[in-house]
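Working notes for the structure below.
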Amino acid sequence: MTDKHPALRDWEEGELKKALTRSPERQKQFTRPGGGEIPRLAMPAAISDEYLENIGFPGRYPFTRGVQPTMYRGRLWTMRQYAGFSTASESNRRYRYLLDQGQTGLSVAFDLPTQIGYDSDHPMSRGEVGRVGVAIDSLADMETLFEHIPLGKISTSMTINAPAMILLAMYAAVAEKQGVGPERLQGTIQNDILKEYVARGTYIFPPRPSLRLITDIFRWCAAHAPQFNTISISGYHIREAGATAAQEIAFTLANGITYVQTALDAGLELEVFARRLAFFFNASSNLLEEVAKFRAARRLWARIMRERFAAQSPAARMLRFHTQTAGSSLTAQQIDNNIVRVTIQALAAVLGGTQSLHTNSRDEALGLPTEEAVRTALRTQQIIACESGVADSVDPLAGSYYIEQLTDSLEAEARALIDRIDEAGGVVACIEDGFIQGQIEEASYRYQQEIETGERIIVGVNDYQVAEERSVPVLRVDPAQEEAQRRRLAEVRAGRDQERTARALAELESAARTEAPLMEPVLAAVRGYCTLGEICGVLRKVFGEYR
Amino acid sequence: MAEQYRVLIGKPGLDGHDRGAKFIVRALRDAGFEVIYTGIRRTAEEIAAAAIQEDVAAVGLSSMSGAHLRLFPAVIEALNQAGAGDIPVLGGGIIPEEDVDILRQAGIQAIFTPGTPAATIIAAFTKACEEHHRRHR
Numbered sequence: 000m001t002d003k004h005p006a007l008r009d010w011e012e013g014e015l016k017k018a019l020t021r022s023p024e025r026q027k028q029f030t031r032p033g034g035g036e037i038p039r040l041a042m043p044a045a046i047s048d049e050y051l052e053n054i055g056f057p058g059r060y061p062f063t064r065g066v067q068p069t070m071y072r073g074r075l076w077t078m079r080q081y082a083g084f085s086t087a088s089e090s091n092r093r094y095r096y097l098l099d100q101g102q103t104g105l106s107v108a109f110d111l112p113t114q115i116g117y118d119s120d121h122p123m124s125r126g127e128v129g130r131v132g133v134a135i136d137s138l139a140d141m142e143t144l145f146e147h148i149p150l151g152k153i154s155t156s157m158t159i160n161a162p163a164m165i166l167l168a169m170y171a172a173v174a175e176k177q178g179v180g181p182e183r184l185q186g187t188i189q190n191d192i193l194k195e196y197v198a199r200g201t202y203i204f205p206p207r208p209s210l211r212l213i214t215d216i217f218r219w220c221a222a223h224a225p226q227f228n229t230i231s232i233s234g235y236h237i238r239e240a241g242a243t244a245a246q247e248i249a250f251t252l253a254n255g256i257t258y259v260q261t262a263l264d265a266g267l268e269l270e271v272f273a274r275r276l277a278f279f280f281n282a283s284s285n286l287l288e289e290v291a292k293f294r295a296a297r298r299l300w301a302r303i304m305r306e307r308f309a310a311q312s313p314a315a316r317m318l319r320f321h322t323q324t325a326g327s328s329l330t331a332q333q334i335d336n337n338i339v340r341v342t343i344q345a346l347a348a349v350l351g352g353t354q355s356l357h358t359n360s361r362d363e364a365l366g367l368p369t370e371e372a373v374r375t376a377l378r379t380q381q382i383i384a385c386e387s388g389v390a391d392s393v394d395p396l397a398g399s400y401y402i403e404q405l406t407d408s409l410e411a412e413a414r415a416l417i418d419r420i421d422e423a424g425g426v427v428a429c430i431e432d433g434f435i436q437g438q439i440e441e442a443s444y445r446y447q448q449e450i451e452t453g454e455r456i457i458v459g460v461n462d463y464q465v466a467e468e469r470s471v472p473v474l475r476v477d478p479a480q481e482e483a484q485r486r487r488l489a490e491v492r493a494g495r496d497q498e499r500t501a502r503a504l505a506e507l508e509s510a511a512r513t514e515a516p517l518m519e520p521v522l523a524a525v526r527g528y529c530t531l532g533e534i535c536g537v538l539r540k541v542f543g544e545y546r
Numbered sequence: 000m001a002e003q004y005r006v007l008i009g010k011p012g013l014d015g016h017d018r019g020a021k022f023i024v025r026a027l028r029d030a031g032f033e034v035i036y037t038g039i040r041r042t043a044e045e046i047a048a049a050a051i052q053e054d055v056a057a058v059g060l061s062s063m064s065g066a067h068l069r070l071f072p073a074v075i076e077a078l079n080q081a082g083a084g085d086i087p088v089l090g091g092g093i094i095p096e097e098d099v100d101i102l103r104q105a106g107i108q109a110i111f112t113p114g115t116p117a118a119t120i121i122a123a124f125t126k127a128c129e130e131h132h133r134r135h136r
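Here the protein sequences come in this chain order: X and H. Each residue of the first sequence is one higher than the last, beginning at 0 in numbering that gives the first Met the number 0. Each residue of the second sequence is one higher than the last, beginning at 0 in numbering that gives the first Met the number 0.
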């Protein structure tokens, strides 16, 4: 054997050896069909300084090739299908079905009233209860949602933003009843309010008090739930709203910078909270651009954390992310074609080194997915994992001239956009003056115009159409369940200790009026079966509402 | 277009997905309409009040959250209540085929599902506005 480059030897004896000691790879040996060993990490024949600076090794700064030294040879990504609809007991049934089908983590979808802090009996909730997710009014619903699901063993992702603190408190309270302390909780809350103002729309409070709630969650988790991801900084919805790949990276990382700076300003310890930041990206159909996007985002975040914030540990510089395939790319025409789109997108996520993945179902341009369609979506991931072979060698596209060039240019474009935001006074200022929204809108309009003029072909939509009968079964949420949910809420309200409820809400209000941390008073309110709407009502009164 | 029609695009309910709504706003503007966009998370009453105040010739509603069977008819109801039931209402979003007829019967003039070309939607607004103007002359 020829002399190994010292950097390679250093990585093998350092990061790699440590990873292999901690847990062995999935197989003793990875081989091609018919024999022939698959290399763990294919490397260029000669390692240049430029290679070391920009591409490097997996599990080592700047993490271009991935955050783990062995990536999917060690452990496959978490297959995490976002689900939840109608009532807590219906959703609980779907979660247990998905776990039985081999899914390895839960991902809870809440209905819009829950996401916007309204109880199911609020006038604004009418027609929306249990539609796009599960309705949670109080701890009682949360207890039902996780019945017979051991919270000490499973990791749960919750798509909740403005009222994230309340849902996290409910989750911790349910775990407590199962005898599981917060230190054992694993999962993620989305808790990313900044992208709500520009893309997703489920804001409640203005930016400043919202950032305070987020920082309070960082603080509480650092002390009590150190394994829990406190935020999932999301480019997904920014991309869905029409942004380009470079904009997705830039706006997401700019939001990340804002959260880090806010937490530092509040006196939190960078090395502690930075390692619990998670990210969430979109996987669209432009396969190679998407692979480059994930690699560029990882490298740029590592550089920002090092250069701007002087983060020292690898964990504090590491961008770990969840991916969902692009909902907006699904067509209502020839819906089976969506399975192919989702496959390409999921492949991009895996080739880009995602930590967890949701694959959309083929029928989602028509309505909520049926159980069968969800199963096919999960099977898509399993086929990529078990049959395609792409999980057997780390960052297999590295070194492709095109991929590396695209990674470089996406990083540069995103960096330039982040600089522009900095110069304009940061993200909050750029939301307030509409700069970010305007950028996204412009990109979205351009893209849609290309489809309208036929410059861009969407198969089955503006080319290759067929005449088809479009009566495909979709999942229906029984409207009677809205009424049933309101009845359950009324029962909870009637059956609780009213004095305790009133006291908890009063204490929360006085804490909110000072600078005091809010997680403990929220936990007390939740344990006393105060409803989500009551707790948000108190905070609305103190913080005001964003419009 | 001989005269400029004024229309309102509204997002009733709690749904924040307005990429489609914003695209239609712009496509209609490019086609010569004057367009007022309500922004997200409006009540049926707010949308009806804005439509009347702005004296629009048609209203377009968008919903992706599955609450269209309640929200779209609620806007018609609010317009009727305010004595403006003659303003035509059109809608779009993620709407299952079997709901389209229900919405038409409830008085929604046209429903556009994903993949509908902008030209089709513009033509439908033009027709709705022309009819509305004819009735008011």
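Yeah, the Cβ is synthetic: ideal placement off N, Cα and C, and Gly gets one too.
- About 13 Å separates the beta carbons of residue 229 of chain X and residue 192 of chain X, which is beyond the 8 Å limit, so they are not a contact pair.
- About 14 Å separates the beta carbon of residue 109 of chain H from that of residue 86 of chain H, a gap too long to meet the 8 Å contact definition.
- Residues of chain H whose Cβ lies closer than 7 Å to the Cβ of residue 444 of chain X are, in chain order, 22, 25.
- DSSP places residue 510 of chain X inside the alpha helix (DSSP H), whose first and last residues are 497–512.
- When C-alpha distances from residue 59 of chain H are compared across H:79, H:27, H:82, H:52, the shortest belongs to H:27.
- Within the model, the alpha-carbon separation for residue 134 of chain X versus residue 157 of chain X is close to 13 Å.
- Linking residue 514 of chain X to residue 448 of chain X through their CA atoms gives a straight-line distance of about 48 Å.
- Per the coordinates, the alpha-carbon of residue 141 of chain X lies some 11 Å from the alpha-carbon of residue 90 of chain X.
- Contact of residue 14 of chain H with chain X is assigned, a C-beta pair being separated by under 8 Å.
- At a C-beta separation below 7 Å, residue 39 of chain H has these neighbours in chain X: 200.
- The three-state reading of DSSP puts residue 488 of chain X in helix, counting H, G and I together.
- Counting along the chain, residue 24 of chain H sits inside the alpha helix (DSSP H) bounded by residues 18–29.
- At least 8 Å separates the CB of residue 103 of chain H from every CB of chain X.
- In the displayed model, residue 165 of chain X falls within a helix according to three-state DSSP.
- Under the 8 Å criterion on CB atoms, residue 364 of chain X is classed as interfacial with respect to chain H.
- Excluding residues up to 5 positions away in sequence, 390 lie with their Cβ nearer than 7 Å to the Cβ of residue 71 of chain X in the same chain.
- Within chain H, 113, 114 have C-beta atoms less than 8 Å from the C-beta of residue 330 of chain X, given in sequence order.
- Per the Cβ contact rule, the region 459–478 of chain X is in contact with the region 367–374 of chain X (3 or more Cβ pairs under 8 Å).
- With respect to chain X, the C-beta atom of residue 9 of chain H has no partner C-beta closer than 8 Å.
- Burial state of residue 14 of chain H is buried, judged by a 10 Å Cβ sphere holding 16 or more other Cβ atoms.
- Listed along the chain, the chain X residues whose CB falls inside 9 Å of the CB of residue 49 of chain H amount to none; the nearest CB is some 14 Å away.
- Near chain H, meaning a CB-to-CB distance below 7 Å, the residues of the region 119–133 of chain X are 123, 125, 126, 127, 130, 131.
- In this chain, the beta strand (DSSP E) harbouring residue 185 of chain X covers 185–188.
- Here the C-alpha atom of residue 127 of chain H lies approximately 16 Å from the C-alpha atom of residue 24 of chain H.
- Within the region 296–368 of chain X, the alpha helix (DSSP H) runs of at least 4 residues that lie entirely inside it are, in chain order, 313–316, 336–350.
- C-alpha of residue 190 of chain X to C-alpha of residue 59 of chain X: approximately 28 Å in a straight line.
- Secondary structure of residue 34 of chain H (DSSP, three-state): strand.
- Against chain X, the CB of residue 109 of chain H has no partner CB under 8 Å away; the residue lies outside that interface.
- The alpha-carbon separation between residue 11 of chain H and residue 19 of chain H amounts to approximately 14 Å.
- The beta carbon of residue 84 of chain H lies closer than 7 Å to those of 78 in the same chain, with the five residues before and after it left out.
- The Cβ of residue 393 of chain X sits no closer than 8 Å to any Cβ of chain H.
- Under the 8 Å Cβ criterion, the region 453–469 of chain X does not count as touching the region 286–299 of chain X, having fewer than three qualifying pairs.
- Taking CB atoms only, residue 93 of chain H has a neighbour in chain X less than 8 Å away.
- Looking at the DSSP output, residue 82 of chain H shares a beta bridge with no other residue.
- Shown here, residue 89 of chain H sits in a strand according to DSSP, grouped into three states.
- DSSP places residue 228 of chain X in the strand class (E or B) of the three-state scheme.
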